[in-house]
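Here our numbering is used: the first residue of the sequence shown is 41, the next is one more, and so on. Just so you know, even glycine gets a beta-carbon here, dropped at the ideal spot from N, CA and C. Data block below; observations after.
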Amino acid sequence: NAFGLKVDGTRLATSISELVIAGNEIDHLVLGCSESFSLDGNVEHWQIVGNTVHDTNNIAIGAIGFEGVAPDPSVDQARDGLIADNLVYNISSFGNPAYGNEYAADGIYIDGSTRIVIERNIVHHVDIGIEVASEHSGRTSSDVIVRSNLVYAGNSVGISIGGYAANVGGSERVTIVNNTLYDNDRADTYSGEFQIQFHATDNVFKNNIVRASASGVLVNAFTADTANPAAMDRNLYYAGAATPAWIWKGVEYNTLPGYVGGSGQDAGAVSANPQFVDTATPDLRVLPASPAVGAGLNLGTAIVGTRDVAGQARIQGAQIDLGAYEQ
């Protein structure tokens with residue numbers, strides 16, 4: 041295994057803190073099971089900002105916890121961090137001997153960390169866009185905000201929360217707002233655009249634009265292992281010519297009214313063409329007449345942030361747009 045840049049907080053009494061990793065380009069790495077950027081253990085008050093990571097065969101940016109790097113679990117997790125304004129692309133584990141023919145490499149991976157903000161990142165042509173989970177049973181990633189990110193053209197899921205299996209950990213109080221998910225799941229993994237896996241509790245998914253690929257899978261909450269995996273509302277969904285699929289607690293619905301009625305979620309959701317400026321380029325801003333304009337919930341700057349993915353004011357007037365861009 042190899043890393044591009046690895047930071048391990050190994051001490052109990054003294055953390056690694058106030059670390060800024062900015063303006064780097066990391067590319068063409070052969071990583072095995074490891075990450076291009078990795079923060080693990082007793083690391084706090086850090087930033088990973090303005091970097092470019094591309095053409096590697098495993099995870100681009102990772103914040104990790106509960107690996108036994110620090111001597112006490114109370115400090116053994118990267119925490120109070122910011123991952124912002126990074127460009128991540130061409131990341132895939134397919135053909136990596138550690139994974140075989142699996143699309144398992146994340147653009148941004150939060151594994152057992154807490155109090156992280158992930159914002160204004162552009163992640164494309166990766167396996168998994170952004171994942172918030174924990175690989176350790178009984179542990180979670182918690183209190184993470186994922187906002188104003190652009191995630192498109194992935195091999196597998198756009199954004200995923202919860203553990204990958206019943207015998208690992210999960211995620212709690214993860215807030216996912218004002219992101220644009222476009223044309224992910226290109227390898228037909230049936231993971232969809234937004235996925236909820238095991239041990240996901242009290243999460244939020246609101247104000248997002250979700251445009252499915254040919255698989256048609258918009259939401260993939262395939263397990264019913266928790267009562268309240270996520271509160272969903274004011275999302276815009278579109279599957280184009282494909283049959284739309286919303287999977288909630290293992291039940292598949294193929295119409296928005298069926299999904300809303302069956303799940304009790306997304307009462308304010310819309311099923312409509314988001315009217316992107318240009319899907320060929322792609323330019324995933326929306327046109328002025330888009331149903332995404334002014335259709336969001338103003339959840340306050342502590343939740344939605346102050347700037348969109350292009351650096352413009354996130355809230356302009358009384359209303360907020362859906363997706364990563366503000367008109």
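Whether residue i touches residue j by CB criterion (8 Å)
{"i": "Leu69", "j": "Thr92", "result": "no"}
{"i": "Thr220", "j": "Ile249", "result": "yes"}
{"i": "Ala124", "j": "Val89", "result": "yes"}
{"i": "Leu276", "j": "Pro322", "result": "no"}
{"i": "Tyr143", "j": "Ser132", "result": "yes"}
{"i": "Gly256", "j": "Ala282", "result": "yes"}
{"i": "Gly336", "j": "Gln359", "result": "yes"}
{"i": "Asn313", "j": "Tyr278", "result": "yes"}
{"i": "Phe72", "j": "Gly49", "result": "Note that residue 72 is Gly in the sequence shown here, rather than Phe. Cβ atoms of Gly72 and Gly49: not closer than 8 Å."}
{"i": "Ser174", "j": "Gly147", "result": "no"}
{"i": "Leu127", "j": "Ile162", "result": "yes"}
{"i": "Thr266", "j": "Ala227", "result": "no"}
{"i": "Leu122", "j": "Tyr222", "result": "no"}
{"i": "Pro111", "j": "Leu59", "result": "no"}
{"i": "Val310", "j": "Asn218", "result": "no"}
{"i": "Asn260", "j": "Gln235", "result": "yes"}
{"i": "Gln315", "j": "Val326", "result": "yes"}
{"i": "Gln87", "j": "Ile66", "result": "no"}
DSSP beta-bridge partners of residue i
{"i": "Asp361", "result": "In the DSSP output, where bridge partners are listed per residue, Asp361 has none listed."}
{"i": "Ser133", "result": "For Ser133, which the question treats as bridged, DSSP gives no partner whatsoever."}
{"i": "His85", "result": "According to DSSP, His85 bridges with nothing at all."}
{"i": "Tyr278", "result": "Arg251"}
{"i": "Tyr222", "result": "Tyr192 and Arg251"}
{"i": "Gly49", "result": "Gly81"}
{"i": "Thr241", "result": "Glu212"}
{"i": "Leu122", "result": "Gln87 and Val157"}
{"i": "Gln235", "result": "Ser200 and Asn260"}
{"i": "Glu171", "result": "Tyr149 and Ser200"}
{"i": "Asp105", "result": "The question names Asp, but residue 105 is Gly in the sequence shown. Looking at the DSSP assignment, Gly105 forms a beta bridge with Gln117."}
{"i": "Asp348", "result": "Its beta-bridge partners do not exist; DSSP assigns none."}
{"i": "Ala62", "result": "Val89"}
{"i": "Ser182", "result": "Thr154 and Glu212"}
Contact belief for residue i with residue j at Cβ below 8 Å, rounded distance in angstroms
{"i": "Ala177", "j": "Val214", "result": "The residue asked about is misnamed: residue 177 is Ser in this sequence, not Ala. With a Cβ gap of about 18 Å, Ser177 and Val214 do not count as contacting."}
{"i": "Val349", "j": "Leu190", "result": "5 Å"}
{"i": "Glu233", "j": "Ser188", "result": "Wrong, their Cβ atoms sit about 16 Å apart, outside the cutoff."}
{"i": "Val184", "j": "Val172", "result": "5 Å"}
{"i": "Ser55", "j": "Val109", "result": "With a Cβ gap of about 12 Å, Ser55 and Val109 do not count as contacting."}
{"i": "His94", "j": "Ser57", "result": "Contact doesn't hold; Cβ gap of about 29 Å is too wide."}
{"i": "Ile199", "j": "Val208", "result": "Between Val208 and Ile199 the Cβ distance is about 18 Å, and since that is not below 8 Å, they are no contact."}
{"i": "Gly437", "j": "Tyr293", "result": "A query on residue 437 cannot be resolved here, the shown segment of the chain reaching from 41 to 367 and no further."}
{"i": "Asn41", "j": "Ser76", "result": "Wrong, their Cβ atoms sit about 12 Å apart, outside the cutoff."}
Which listed residue (the options) has its alpha carbon closest to that of residue i
{"i": "Tyr139", "options": "Ile99, Val109 and Arg155", "result": "Ile99"}
{"i": "Cys237", "options": "Lys289, Gly298 and Gly280", "result": "It should be noted that the sequence gives Gln, not Cys, for residue 237. Out of Lys289, Gly298 and Gly280, Lys289 has the C-alpha closest to the C-alpha of Gln237."}
{"i": "Ser78", "options": "Gly194, Ser55 and Gly44", "result": "Gly44"}
{"i": "Arg251", "options": "Asp225, Thr341, Val333 and Asp48", "result": "Asp225"}
{"i": "Ala329", "options": "Val344, Asp361, Gly345 and Gly301", "result": "Asp361"}
{"i": "Ala193", "options": "Asn130, Val344, Gly363 and Lys46", "result": "Asn130"}
{"i": "Glu212", "options": "Arg179, Ser231 and Ala206", "result": "Arg179"}
{"i": "Tyr230", "options": "Val208, Ile216, Ala254 and Asn207", "result": "Ala254"}
{"i": "Phe262", "options": "Gly63, Ala342, Ala205 and Ala145", "result": "Ala205"}
{"i": "Val333", "options": "Thr341, Gly340, Asn136 and Gly357", "result": "Gly357"}
{"i": "Leu296", "options": "Leu258, Ile216 and Arg354", "result": "Leu258"}
Quiz item: Is the number of C-beta pairs between the region 232 to 245 and the region 268 to 278 that are closer than 8 Å three or more?
Solution: yes
Quiz item: Are the region 104 to 116 and the region 160 to 171 touching, with three or more C-beta to C-beta distances below 8 Å?
Solution: no
Quiz item: Counting Cβ pairs closer than 8 Å, one from the region 304 to 321 and one from the region 273 to 286, do we hit at least three?
Solution: Flag = yes, the region 304 to 321 and the region 273 to 286 touch.
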